[in-house]
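Q: In this note's numbering, each residue's number is its place in the sequence shown (first place is 1) plus 31. Every residue gets a Cβ at the ideal spot worked out from N, C-alpha and C, and that includes glycine.
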Amino acid sequence: MTTLLKNGMVLTPLGFEKKDVFVSNGKVFVSSTDTFDTDHASSIIDCTDRIIIPGFTDVHVHLREPGFFYKETIASGTAAAAKGGYTCVCPMPNLKPVPSDMESLQTQLSIIEKDAKVKTIPYGTITQNQDGRSALSDMEAMAPYVCAFSDDGKGVQTGDLMEEAMEKAKELGKLIVAHCEDESLLHGGYIHDGEYAKAHNHKGICSESEWGQVKRDVQLAEKTGASYHVCHISTKETVDIIRQAKARGVDVTCETGPHYLVLCDADLQEDGRFKMNPPLRAAADRDALIEGLCDGTIDMIATDHAPHSEEEKSKGLAGSAFGIVGLETSFPILYTHLVKKGIISLEKLIEVMSINPRRRFGFEGGVIEDGAPADLTVIDLNRHFSIDPSDFVSMGKATPFTDWKVYGKVVMTLVEGEIVYDETNA
32 MTTLLKNGMV LTPLGFEKKD VFVSNGKVFV SSTDTFDTDH ASSIIDCTDR IIIPGFTDVH
92 VHLREPGFFY KETIASGTAA AAKGGYTCVC PMPNLKPVPS DMESLQTQLS IIEKDAKVKT
152 IPYGTITQNQ DGRSALSDME AMAPYVCAFS DDGKGVQTGD LMEEAMEKAK ELGKLIVAHC
212 EDESLLHGGY IHDGEYAKAH NHKGICSESE WGQVKRDVQL AEKTGASYHV CHISTKETVD
272 IIRQAKARGV DVTCETGPHY LVLCDADLQE DGRFKMNPPL RAAADRDALI EGLCDGTIDM
332 IATDHAPHSE EEKSKGLAGS AFGIVGLETS FPILYTHLVK KGIISLEKLI EVMSINPRRR
392 FGFEGGVIED GAPADLTVID LNRHFSIDPS DFVSMGKATP FTDWKVYGKV VMTLVEGEIV
452 YDETNA
């Protein structure tokens, strides 16, 4: 199967240029318009007034399978990824069984091989029980098959255990990817310990529960020389700690989520679709995250796509499960509220959604040039629509962005040249 994408604005290493992209044998070949022999194309797709970019990579998703298929499956989650323009996703290990050795990991790998619609590279756990407290997992056996090691959902609770994990990951040439949360500081909290919590008599989660562990971990990364990545940062203190660590030469990167960049706790409603972990913080935290994104402190944006059943998300802020979905809304939300408002450039947004994640995690691609993998996303920037969870492919429907008016519709996604999502004629 060969495909010719004609007349699109293609993001090349030199910037956006009007080019044709020929896709053959899973690779891309780029030229100026009208140079390819259309007789050799199985299909020709007109991309006039559309951009063609390296497919998005999300290093932080929850696909819920094995163990929790009533929330999401690898098939439904990766179909949602394809619809959102993602060509590669990395599912977190809060599963049953948790992938802490090759036997448990193989259960997940087998489902991925059978059902995944996009490239899906899982995590292995840091600890045996994915609890942030038990002995280390069989990291050595899993290393060739996982993108990195994480206990996402749980912070590693002692410095000694984290140091041991960093030493082992460094030996294996793998990242430690940390959900930073000091459980001794939670006190039953479930939203940010800010003005909304006080006004509505909710139990709050203090910012130090996140930044305290980040501070500990960057010191350990500096000590061990390990490669360290921080999940879904949400506080202004975390931004400062990582900025300073980078200035010292520590091998640290981080991500934040779309919701932390465009919402704060003043936007909360008494609804489970506003409950996630870490929680939406204060406006000052949101502004610090935007500043960190602009100055390069924040390396990438990940959705933390976390689907739950309708029942699990129907119990308000106090009783609902933590987590929202995001694969199908990430780009249009960020394009509409960051790019169109002049906060960042379109090129910057693609850098943090496509290029930087691949570079940091050692995945190939992230560039459109001759011979590169044909992992591509085609977007109509002028197409506007309202976010409607009933249209989601994901089994999870909980989003704080219901009815938001957005621009930037993904119309096609290709993985190694195969069209895995197509709405070009809609």
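Determine the burial state of Asn387: buried for a count of at least 16 other Cβ atoms within 10 Å of its Cβ, exposed for fewer.
A: For the purposes of this step, residue 387 is taken as residue 356 along the sequence shown, with counting starting at 1. The residue in question, Asn387, is buried, as its Cβ has 16 or more Cβ neighbours within 10 Å.
Q: How would you write the range of the beta strand (DSSP E) that Ile329 sits in, first residue to last?
A: By 1-based counting over the sequence shown, the position of residue 329 is 298. Per DSSP, Ile329 belongs to no beta strand (DSSP E) and is neither H nor E.
Q: Are three or more beta carbon pairs between the stretch 417–437 and the stretch 136–145 nearer than 8 Å?
A: Too few Cβ pairs lie closer than 8 Å, so no.
Q: Where do the ends of the beta strand (DSSP E) carrying Gly115 lie?
A: Your numbering for residue 115 matches position 84 in the sequence shown. That residue, Gly115, is in no beta strand (DSSP E); it is neither H nor E in DSSP.
Q: I need the straight-line Cα distance from Tyr460 to Leu206, nearest angstrom please.
A: Residue 460 cannot be examined here, being either before or after the span of the chain that is shown, 32 to 457.
Q: Would you call the stretch 395–404 and the stretch 83–102 touching, i.e. three or more CB-CB distances under 8 Å?
A: Yes, the stretch 395–404 is in contact with the stretch 83–102.
Q: Which full runs of the alpha helix (DSSP H) of 4+ residues lie inside the stretch 173–217, going along the chain?
A: Qualifying alpha helix (DSSP H) stretches, in chain order: 190–203.
Q: Considering only the alpha carbon of each residue, which of Glu194, Glu103, Arg164 lies closest to Asp183?
A: Here residue 183 is taken as the residue at index 152 of the sequence shown, counted from 1. The shortest C-alpha separation from Asp183 is found at Arg164.
Q: Whole alpha helix (DSSP H) runs in the stretch 73–132 with 4 or more residues, listed along the chain?
A: You should have 105–114.
Q: Indicate the three-state DSSP secondary structure (helix, strand or coil) for Asp453 in the structure shown.
A: Working through the sequence shown from its first residue, we reach residue 453 at position 422. In this structure, Asp453 counts as strand in the three-state DSSP scheme.
Q: With a threshold of 16 other CB atoms inside 10 Å of the CB of Thr469, please say whether the residue is buried or exposed.
A: Because the chain spans 32 through 457 in this model, residue 469 falls outside it and cannot be assessed.
Q: Between Lys436, Lys372, Gly448, Glu202, which lies nearest to Val409 when the distance is taken from Cα to Cα?
A: Here residue 409 is taken as the residue at index 378 of the sequence shown, counted from 1. Considering only alpha carbons, the answer is Gly448.
Q: Taking Gly46 as part of the beta strand (DSSP E), name the residues at either end of that continuous run.
A: By 1-based counting over the sequence shown, the position of residue 46 is 15. Looking at the DSSP string, the run of the beta strand (DSSP E) that includes Gly46 is 46–55.
Q: According to DSSP, Val7 sits in a beta bridge with which residue or residues?
A: The question about residue 7 has no answer here: the residues shown for the chain are numbered 32 through 457.
Q: Could you give the residue range of the beta strand (DSSP E) that holds Phe362?
A: Counting from 1 along the sequence shown, the entry for residue 362 is found at position 331. Note, Phe362: premise wrong, no beta strand (DSSP E); alpha helix (DSSP H) at 361–365.
Q: Where do the N-terminal and C-terminal ends of the alpha helix (DSSP H) with Thr269 fall, by residue?
A: Translated into the one-based positions of the sequence shown, residue 269 becomes position 238. Here the alpha helix (DSSP H) through Thr269 covers 267–278.
Q: Over what stretch of residues does the beta strand (DSSP E) that includes Thr287 continue unbroken?
A: On the sequence shown, residue 287 is found 256 positions in, with the first residue counted as 1. Taken as a continuous stretch (DSSP letters only), the beta strand (DSSP E) holding Thr287 covers 283–287.
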